[in-house]
Every structure is written in structure tokens, then in C-alpha cells.
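In the UniProt record's numbering, the protein residues as written are 1 to 213. Here is the structure we will look at.
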């Protein structure tokens, strides 16, 4: 179950507990388009780089009821495009400045209009039309993983989490389970209470990024 500022998946705990080696940092930093000498000099000045989030990226919210499972797929073309990233390298971490991903609830497709409406009702999208995910910090773990520290704003409430992210070529893949009650939301009941929505949902993503710009 997702909890504020929680540890990553159990199979990564032993990796997370170790300090990243310099050679691991050298392999990860080009992925984030940051020169390695900045890290070695422990530079704390704000720098910038550019990247493009490709429309082939995937992002999905999965939930379940006592009857079935639902998958709501986000239209990533709504957030694709070039962005300037401001960052600082400090203490073997990449600190990001104002890197937000804004997901409009109406841009999720849950399979049919009724489910789309139920999804928007669940998130109270009439009052809070967006889910905002702020990426605060990235900590390299190994050659294939980093740990991302994020802040999620949902239904007017904010919570912070950390999660492992798999890095493969220009793909960034990860999953985060969270409890909607942490955001003041109540799992709805349908069909006179016969259908109950689980309080846990999962956000999964496969972001494809072009660093060549």
C-alpha cells in the first residue's frame, strides 16, 4: 500500500541502502543530460538542460472493485513535447526545480463513457480537474535503477512518495501504489452498495524521453 515517503519495492531495499558508486553515477547522468564533472565537483549552482517527452509514452491508473479491475489510460500526447529542466547536483542526487507533470482527469480513457464519468467522479474532477505530479529529486541506485522522490497533488491534498524507476535506453518505467483515503477521497459504492471500489490504486508509467535535442 502506498504511504507518504515510503520505501520502494522490497526487492530493491538492499540496493537502496548502499551509497551509489561513482561509476554508476557516470552511467546514469548522461541519461538525465547532466555532465559528470558537475557531480564530481559537487556543484550546487542551478543548471538547465532540455528534453522531449515522446507521445509513445504510456501512463495508466489501475484500480479494482469487488467485481472486476479497471484500467484508465492517459492520453500522453497532452503532455508530450520539449521541456527545459532546471536542476542542481548535490550529495550524489539530482535536485529538480519545478518539474511538474499535470494530468487532466478528462484525458484518461477507462474504456467507456460511464467508466470515464465514474473515474472523474472518484477524483472529484469538477473541483480538481488535474492530478499534479512533481518530481523533486532523483537518486541513482545502480546501473539500471534510480529512486525518484515525488509529490502528488490529488483532490486538493498533497502527499510525498519515493519509488524505484527502471531505466532502459530512453525508457523510464515504474509503478506506485497509493491509498485514495490519504487524499481525503472515499471509495465509492455502486449498484446500491453491491459494487465497492478498492481504496488502493496503482499508477504505472513507461515514459520515453528524447535527450538528443
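No residue lacks a Cβ here, since even glycine has one placed at the ideal position from N, Cα and C.
Query, Result
"Which of helix, strand or coil DSSP assigns to residue 143", "coil"
"Completely contained beta strand (DSSP E) runs for the UniProt domain \"Lipid/polyisoprenoid-binding YceI-like\" (78–208), where each covers 3 or more residues", "81–90, 93–104, 130–140, 145–154, 157–168, 171–179"
"Residue 76, buried or exposed, once every other Cβ within 10 Å from all chains shown has been counted against 16", "buried"
"Stretch pair the stretch 138–145 + the stretch 165–174: three plus CB contacts closer than 8 Å", "yes"
"Nearest to residue 180 (by Cα), restricted to the options 119, 126, 67, 73", "119"
"Residue 63 classed as buried or exposed, judged by whether at least 16 other C-beta atoms fall within 10 angstroms", "buried"
"For residue 46, the first and last residue of its enclosing beta strand (DSSP E)", "Looking at the DSSP string, residue 46 is not in any beta strand (DSSP E), and its letter there is neither H nor E."
"For residue 75, the residue or residues it bridges with in DSSP", "Note: residue 75 sits in no beta bridge, so no partner."
"Assigned exposure category for residue 39 - 16 Cβ within 10 Å defines buried", "At residue 39, the pLDDT of 44 sits below 50, so the modelled position is not reliable and the matter cannot be decided from this model."
"For residue 54, three-class secondary structure by DSSP", "coil"
"Distance CB(residue 133)-CB(residue 100) smaller than 8 Å", "yes"
"For residue 155, the nearest candidate out of 175, 172, 122 (CA to CA)", "122"
"Buried or exposed (CB count within 10 angstroms, at least 16 for buried), residue 86", "exposed"
"Distance CB(residue 195)-CB(residue 65) smaller than 8 Å", "yes"
"Minimum C-alpha distance to residue 175 - residue among 207, 136, 185, 50", "207"
"Residue-level contact to chain E via CB, residue 204, 8 Å cutoff", "Among the protein chains of the structure shown there is no chain E, as only one such chain exists."
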